[in-house]
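Below you'll find the structure, written out as structure tokens, and then a few comments.
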Amino acid sequence: MNNKLKRNIQKAFAAPEPNQQEKVRFLRSLPQPQIGMFRFILVQASYVRKSSRVLSCLILLLALFCAYSISENTLWVVSAFVPLLGLLAVTESTRSMAYGMSEFEMSTRFSLKSVVLARMSILGLINFVIIAFLTPMCCIGNDFSLLQTGMYLMVPYLLTVNFSLWIARRVNGKEAVYGCMCVAVIVSGINTGLHFVTDLIYQEIYTGWWLVLSVFLLIELAYEIHCMMKRTEEYTWNLSLTD
Amino acid sequence: MDIEEQYDKIYRYCYFKLYDTQLAQDITQETFLRFYRQGLTLDNDKELPYLYTIAKNLCIDHFRKRTVESLEEITEEVIDDPTEDLISNLTLRMTISKLPEDEQELIFLRYVNEISVTAICKITGLSRFAVYRKLSKSLKWLKEEMSKEGFSNE
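Top to bottom, those sequences are chains A and B.
With the numbering used here, letter number 23 in the first sequence gets 57, and the count goes up by one each step, no holes.
With the numbering used here, letter number 88 in the second sequence gets 132, and the count goes up by one each step, no holes.
Right under this line is the structure:
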């Protein structure tokens, strides 16, 4: 159908403007329907950027490739890429803060706090599934147990997430994203460097220390998330001052 | 989905059915109230056909009570184009009014409110094939009629 005919049909069906005052009054008074938790999470999941999803899949594919071609070195290669998963999760969760849209999001249908929490949960869950999938693959070609391999992958991931959240709380705007990128690169670089001393740090006698470090980082992560949530409350306070 | 945009589209749909500004606005508001009372949301396209179905049923309820305005009155009210466009629009409008009501509705839903064919199928209860066939037949007829009147839409 050509555009001219379409335009003419639209003009032919033009209706007089509705009473704007009545319309605005009605729309304001219209009760917003309640939304279920599952649906809310699904809606939030749809806002996760395509680039984040694609990069997560790429990391997964890379691990598959490594497991297939360089089985004995899979662990250190994958653990060098895992910080990137953490980087994606943090930058995705703090998008509204990085782009200065936090206060705007405060005035939307759902509170910023619940949106941030929902996005963090979604991304955290996805990354947990990816790491859980990567763990048995990284076991191929070496003598580490599943628990050890899981910790060797979780520690760089948690380190990146913790430091990135810490930076995101203290630095505003896009600088926070650059800071998080630096953290991911440093952690990834350390992992790559540690490849040359894997025999030393991946020894079974250090398993207890790895476990302690993992638990500490998990507690630290819970604290960072708590601080992040408190920060969204501060935004409410700021908003009440500027209203 | 923008609720204000949907409000305008439903209002236009009701006006197309009733040709009464105040009644169209009242029915639009009643439609939204009933829609939300069912616990439905406009977060995705899935429930949009239901919104139109409520509006359609409410319009049918009011249909017998309506006072039909003449085509001239409506035209005076809504068209403020320069003369040539006005004549062309008036001719098109009169030509469209010669179409069966269900075909007018299909053209309105597809080309004025820009609703997907899938949603139109749910609103009208027609199959995709029937919607495409009726639309294509009506458009072909419209083009021919407009050409006979000396207007080109190419």
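Think of the CB as a built atom: it goes at the ideal place given N, C-alpha and C, for glycine as much as any other residue.
Bear in mind that the values here come from a model prediction, so they are computed numbers and not experimental data.
When burial is assigned at 16 or more other CB atoms within 10 Å of the CB, is residue i buried or exposed?
i	result
T162 of chain B	exposed
P52 of chain A	buried
Q55 of chain A	exposed
M71 of chain A	exposed
I56 of chain B	Before going on, a small fix: residue 56 of chain B reads as Arg here, not Ile. Buried.
S274 of chain A	Residue confidence is low: S274 of chain A scores 48 on pLDDT, short of 50, so the model does not pin down where it sits. Its coordinate-derived value is still stated next. When all chains shown are included, S274 of chain A counts as exposed.
Q66 of chain B	exposed
V112 of chain A	buried
S179 of chain A	exposed
P65 of chain A	exposed
Y240 of chain A	exposed
N36 of chain A	exposed
C91 of chain A	exposed
P50 of chain A	exposed
Y212 of chain A	exposed
G257 of chain A	Note on identity: in this sequence residue 257 of chain A is Tyr, with Gly being the wrong assignment. By the neighbour-count rule (16 or more Cβ atoms within 10 Å), Y257 of chain A is not buried but exposed.
I253 of chain A	exposed
S103 of chain A	exposed
F162 of chain A	exposed
Q206 of chain B	The structure shown does not extend to residue 206 of chain B, since chain B is modelled only from 45 through 198, so no value can be given for it.
R129 of chain A	buried
E149 of chain B	buried
F197 of chain A	buried
Among the options, which one has its Cα closest to the Cα of residue i?
i	options	result
A152 of chain A	A:E51, A:Y81, A:A46, A:R203	A:Y81
A114 of chain A	A:V217, A:K38, A:C261, A:H260	A:V217
R137 of chain B	B:Y80, B:G83, B:L186	B:L186
M171 of chain A	A:T108, A:K38, A:K40, A:I160	A:T108
E147 of chain B	B:Q50, B:G169, B:V175, B:V156	B:V175
E49 of chain B	B:E188, B:R177, B:K90, B:T72	B:T72
F230 of chain A	A:I220, A:V246, A:W110	A:W110
V19 of chain A	A:V88, A:L193, A:Y236, A:S127	The structure shown has nothing for residue 19 of chain A, since chain A only spans 35 to 277.
T190 of chain B	B:I131, B:Q82, B:R172	Residue identity check: residue 190 of chain B is Met in the sequence provided, not Thr. Of the listed residues, the one whose Cα sits closest to M190 of chain B is B:I131.
Y51 of chain B	A:L39, A:L61, A:V149, A:K40	A:L61
S85 of chain A	A:R59, A:E126, A:D177	A:E126
D177 of chain A	A:E238, A:Q44, A:R59	A:E238
L181 of chain A	A:V149, A:I75, A:E209, A:S248	A:S248
What do you reckon, are the CB atoms on residue i and residue j nearer than 8 Å?
i	j	result
L62 of chain B	C103 of chain B	yes
A48 of chain A	I140 of chain B	no
L121 of chain A	F167 of chain A	no
N42 of chain A	N157 of chain B	no
V195 of chain A	V124 of chain A	yes
L119 of chain A	Y191 of chain A	yes
Q78 of chain A	I160 of chain A	no
T169 of chain A	G184 of chain A	yes
I235 of chain A	L228 of chain A	yes
D105 of chain B	S160 of chain B	no
E188 of chain B	T135 of chain B	no
Rounded to whole angstroms, how far is the Cβ of residue i from the Cβ of residue j, which I believe are closer than 8 Å?
i	j	result
I47 of chain B	T75 of chain B	Not quite, the Cβ-Cβ distance comes to about 12 Å (not below 8 Å), so this is no contact.
R203 of chain A	R265 of chain A	6 Å
I167 of chain B	T97 of chain B	6 Å
L179 of chain B	R154 of chain B	6 Å
I259 of chain A	M154 of chain A	7 Å
A68 of chain B	Y59 of chain B	4 Å
L199 of chain A	M263 of chain A	About 11 Å; that fails the 8 Å criterion.
C214 of chain A	I201 of chain A	6 Å
L86 of chain B	L77 of chain B	Not a contact, Cβ separation roughly 14 Å.
In terms of residue numbering, what span does the alpha helix (DSSP H) encompassing residue i cover?
i	result
F152 of chain B	Note, F152 of chain B: premise wrong, no alpha helix (DSSP H); not H, not E.
F178 of chain A	Segment: none, F178 of chain A is in no alpha helix (DSSP H) and carries neither H nor E.
A114 of chain A	108-127
S222 of chain A	208-228
F51 of chain A	In the sequence as displayed, the identity of residue 51 of chain A is Glu instead of Phe. Neither: E51 of chain A is in no alpha helix (DSSP H) and is coded neither H nor E.
L4 of chain B	Here chain B has residues from 45 to 198 only, and residue 4 of chain B is not among them.
R78 of chain B	65-81
S160 of chain B	No alpha helix (DSSP H) contains S160 of chain B, which DSSP labels as neither H nor E.
E48 of chain B	47-62
T97 of chain B	92-107
G75 of chain A	For the sequence presented, residue 75 of chain A should be read as Ile rather than Gly. Segment 71-80, the alpha helix (DSSP H) holding I75 of chain A.
Is residue i near the ligand ZN, judged by its Cβ being under 7 Å from some heavy atom?
i	result
L234 of chain A	You won't find the ligand ZN in this model; it holds no ligand whatsoever.
For residue i, would you say it is in contact with chain D, using Cβ-to-Cβ distances shorter than 8 Å as the test?
i	result
N101 of chain B	Given the protein chain composition of this structure (A and B), no chain D is represented.
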